[in-house]
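Protein sequence lines correspond, in order, to chains P and V.
If you use full-length UniProt numbering, the first sequence closes out at 252, no skipped numbers anywhere.
If you use full-length UniProt numbering, the second sequence closes out at 252, no skipped numbers anywhere.
Please read the structure below before turning to the comments.
There are 2 protein chains.
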Amino acid sequence: MTDQAAPAAAVLIIGDEILSGRTQDTNLNTIARFLASLGIDLLEARTVGDRQDQIVGALNALREAYDYVFTTGGIGPTHDDITADAVGAAFGVAVREHPEALAVLERRYPPGEFNAARRRMARIPEGGTLIANPVTDAPGFQIGNVFVMAGVPKIMEAMLQDVTPRLRTGAVIHVRNLKVTGVGEGAVAEVLRAAAVVRPGLSFGSYPFGFGGDGEVGTQLVIRGRDEAEVDLAEHDLSQELRSMGIDIAVT
Amino acid sequence: MTDQAAPAAAVLIIGDEILSGRTQDTNLNTIARFLASLGIDLLEARTVGDRQDQIVGALNALREAYDYVFTTGGIGPTHDDITADAVGAAFGVAVREHPEALAVLERRYPPGEFNAARRRMARIPEGGTLIANPVTDAPGFQIGNVFVMAGVPKIMEAMLQDVTPRLRTGAVIHVRNLKVTGVGEGAVAEVLRAAAVVRPGLSFGSYPFGFGGDGEVGTQLVIRGRDEAEVDLAEHDLSQELRSMGIDIAVT
Chain P
1 MTDQAAPAAA
11 VLIIGDEILS
21 GRTQDTNLNT
31 IARFLASLGI
41 DLLEARTVGD
51 RQDQIVGALN
61 ALREAYDYVF
71 TTGGIGPTHD
81 DITADAVGAA
91 FGVAVREHPE
101 ALAVLERRYP
111 PGEFNAARRR
121 MARIPEGGTL
131 IANPVTDAPG
141 FQIGNVFVMA
151 GVPKIMEAML
161 QDVTPRLRTG
171 AVIHVRNLKV
181 TGVGEGAVAE
191 VLRAAAVVRP
201 GLSFGSYPFG
211 FGGDGEVGTQ
221 LVIRGRDEAE
231 VDLAEHDLSQ
241 ELRSMGIDIA
251 VT
Chain V
1 MTDQAAPAAA
11 VLIIGDEILS
21 GRTQDTNLNT
31 IARFLASLGI
41 DLLEARTVGD
51 RQDQIVGALN
61 ALREAYDYVF
71 TTGGIGPTHD
81 DITADAVGAA
91 FGVAVREHPE
101 ALAVLERRYP
111 PGEFNAARRR
121 MARIPEGGTL
131 IANPVTDAPG
141 FQIGNVFVMA
151 GVPKIMEAML
161 QDVTPRLRTG
171 AVIHVRNLKV
181 TGVGEGAVAE
191 VLRAAAVVRP
201 GLSFGSYPFG
211 FGGDGEVGTQ
221 LVIRGRDEAE
231 VDLAEHDLSQ
241 ELRSMGIDIA
251 VT
């Protein structure tokens with residue numbers, strides 16, 4: 001199984017605004033799709049507030065358990081941006097002004113506007129290397145297997161470009177979607193279970209839709225696996241089985 | 001400080017579809033806003049896949065650390081719905097058909113359609129009580145301090161209504177938003193830090209906006225605290241200070 005060789009990753013979302021309900025996080029989904037495209041398995045995500053003990057605890061658990069950890073949030077200029085210090089504490093290293101980060105920020109701001117708060121954004125845990133920020137210049141950083149990125153989605157997404165070449169990739173997971181309309185999950189559950197038993201190397205998911213009251217009700221079946229030929233076979237067999245039961249399906 | 005008395009909560013999102021990037025989770029945000037309205041502090045969230053060891057590990061860590069844990073996902077009729085069994089394993093109790101759940105499901109489905117898969121949805125860990133599902137009937141359940149709910153957002157949201165009366169509530173956190181346009185976070189960081197030092201009982205957050213390239217750039221300042229009079233005072237003082245610096249603000 002190529003699964004054995006795929007790198008395993010976790011995401012750590014940092015920010016009171018997510019846990020207070022003020023902000024709907026979208027970074028986890030962006031990173032999930034990014035990692036999927038590289039064949040890296042995202043196995044866990046955590047969200048914590050702007051508290052050093054919480055960040056340190058979660059980060060140390062995740063970086064020990066997974067090949068890569070991606071964090072978002074808390075690297076701006078304000079007092080509630082404590083991620084660099086928390087990451088330094090987690091790794092047991094000092095946090096200092098990074099000359100290259102300082103140079104980048106000095107270029108961005110006119111001398112009168114480059115105040116102490118903005119200068120804080122040049123502070124990086126010792127041993128860290130910068131992650132480029134093509135949107136607002138203030139960099140993220142990598143230390144060990146941890147990639148520390150901004151919380152603003154546009155900036156976070158841009159930073160991923162500089163992260164890509166640093167990652168060991170895996171075989172991509174192939175996905176096939178079967179859309180079953182007019183019947184609920186319960187009507188296809190037994191067929192799906194049988195398919196999963198026959199092909200234990202694949203993952204079979206089932207997601208009902210249409211509870212909003214607007215339009216059709218049905219079930220989306222998802223087949224996932226690294227062996228594309230086997231995924232295609234599973235799709236073929238499952239489609240045939242469902243059609244033989246008189247169930248309408250669309251392959252998407 | 002009333003903060004001491006506020007219950008603390010965590011959320012556990014269960015589902016491969018979130019970590020694969022297929023689905024953008026919205027349940028965390030819905031639960032976060034629900035808990036905020038009850039004065040319950042949401043302190044952590046985790047997302048794990050449909051794997052029993054992961055669910056058991058995360059659930060046991062969270063239910064030990066927090067007053068309440070809310071889970072979403074994995075309680076449907078298909079083979080990948082393993083939450084009831086995982087919760088039973090976490091609590092060390094058997095999972096059995098719950099007579100009341102069975103009665104609810106028998107009423108919903110015509111005899112010919114009430115198959116083994118659908119009957120699985122009546123299985124609840126011993127000692128659990130049901131959480132009503134007014135959308136599709138298949139219930140969630142509560143066991144100890146853990147509330148197990150559906151992953152489909154419409155159903156999850158409806159289940160929260162039956163959860164509300166079971167929760168100890170806290171003093172609500174009052175929130176004031178100051179929208180600062182035309183200047184970045186770095187320009188207001190020092191003023192904000194000073195305000196936070198003066199009032200350590202409040203939380204001051206800062207969130208830049210406008211990086212999408214469409215329209216105004218600025219910073220949203222958020223003041224949060226359980227003492228409404230102090231939150232109002234902080235808003236007044238911070239507004240005055242920003243205006244004295246010639247910065248445009250709008251209180252929202």
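Each residue gets a CB set at the ideal place from its N, CA and C atoms; glycine is no exception.
Beta-carbon gap between residue i and residue j smaller than 7 Å
i                     : j              : result
G140 (chain P)        : V152 (chain P) : no
V48 (chain V)         : I14 (chain V)  : yes
R226 (chain V)        : I173 (chain V) : yes
D25 (chain P)         : I18 (chain P)  : yes
V191 (chain P)        : T219 (chain P) : no
R123 (chain P)        : V95 (chain P)  : yes
K154 (chain P)        : F211 (chain V) : yes
I143 (chain P)        : D162 (chain P) : no
L35 (chain P)         : A8 (chain P)   : no
G73 (chain V)         : R33 (chain P)  : no
L12 (chain P)         : A58 (chain P)  : yes
D137 (chain V)        : V87 (chain V)  : no
Q231 (chain V)        : R193 (chain V) : For the record, residue 231 (chain V) in the displayed sequence is Val; it is not Gln. No, the Cβ-Cβ distance between V231 (chain V) and R193 (chain V) is not below 7 Å.
S244 (chain V)        : L221 (chain V) : no
I247 (chain P)        : V183 (chain P) : yes
residue 265 (chain P) : I82 (chain P)  : Since the first residue shown for chain P is 1 and the last is 252, residue 265 (chain P) is missing from the structure and cannot be characterised.
F101 (chain V)        : V135 (chain V) : The sequence shown places Ala at residue 101 (chain V), not Phe. Going by C-beta atoms, A101 (chain V) is not nearer than 7 Å to V135 (chain V).
A250 (chain V)        : L202 (chain V) : no
Span of the beta strand (DSSP E) around residue i
i              : result
H174 (chain P) : 174–181
Q142 (chain V) : 140–143
E228 (chain P) : No beta strand (DSSP E) contains E228 (chain P), which is instead part of the alpha helix (DSSP H) from 228–244.
G205 (chain P) : 203–209
D248 (chain P) : Element bounds for D248 (chain P): n/a, residue is neither H nor E.
L221 (chain V) : 218–225
D16 (chain V)  : Not the beta strand (DSSP E): D16 (chain V) falls in the alpha helix (DSSP H), residues 16–19.
R46 (chain V)  : 41–48
T23 (chain V)  : Premise fails: T23 (chain V) is in no beta strand (DSSP E) and is neither H nor E.
T169 (chain V) : That residue, T169 (chain V), is in no beta strand (DSSP E); it is neither H nor E in DSSP.
T71 (chain V)  : 68–72
Presumed contact (8 Å Cβ cut-off) between residue i and residue j, rounded CB distance
i              : j              : result
Q52 (chain P)  : A89 (chain P)  : 6 Å
L28 (chain V)  : A10 (chain V)  : Contact doesn't hold; Cβ gap of about 11 Å is too wide.
P77 (chain V)  : G186 (chain P) : 4 Å
A6 (chain P)   : G39 (chain P)  : 6 Å
A189 (chain P) : L238 (chain P) : At roughly 13 Å, the Cβ-Cβ gap does not stay under 8 Å, so A189 (chain P) and L238 (chain P) are not in contact.
N115 (chain P) : R63 (chain P)  : Contact doesn't hold; Cβ gap of about 33 Å is too wide.
L178 (chain V) : Y68 (chain V)  : Not confirmed; about 32 Å, so no contact.
P125 (chain P) : A150 (chain P) : The Cβ separation is near 16 Å, so there is no contact.
Endpoints, the alpha helix (DSSP H) within which residue i is located
i              : result
T83 (chain P)  : 83–91
L35 (chain V)  : 27–37
E64 (chain V)  : 52–65
I155 (chain P) : 153–163
L192 (chain V) : 185–198
### Message
Going residue by residue through the segment 98–138 of chain P, where are the continuous alpha helix (DSSP H) segments of at least 4 residues, counting only ones entirely within it?
### Response
Counting whole runs of 4 or more residues, the segment 98–138 of chain P contains the alpha helix (DSSP H) stretches 99–108, 116–119.
#### Entry: the segment 226–245 of chain P contacting the segment 169–186 of chain P, beta-carbon criterion three pairs below 8 Å
The segment 226–245 of chain P vs the segment 169–186 of chain P: in contact.
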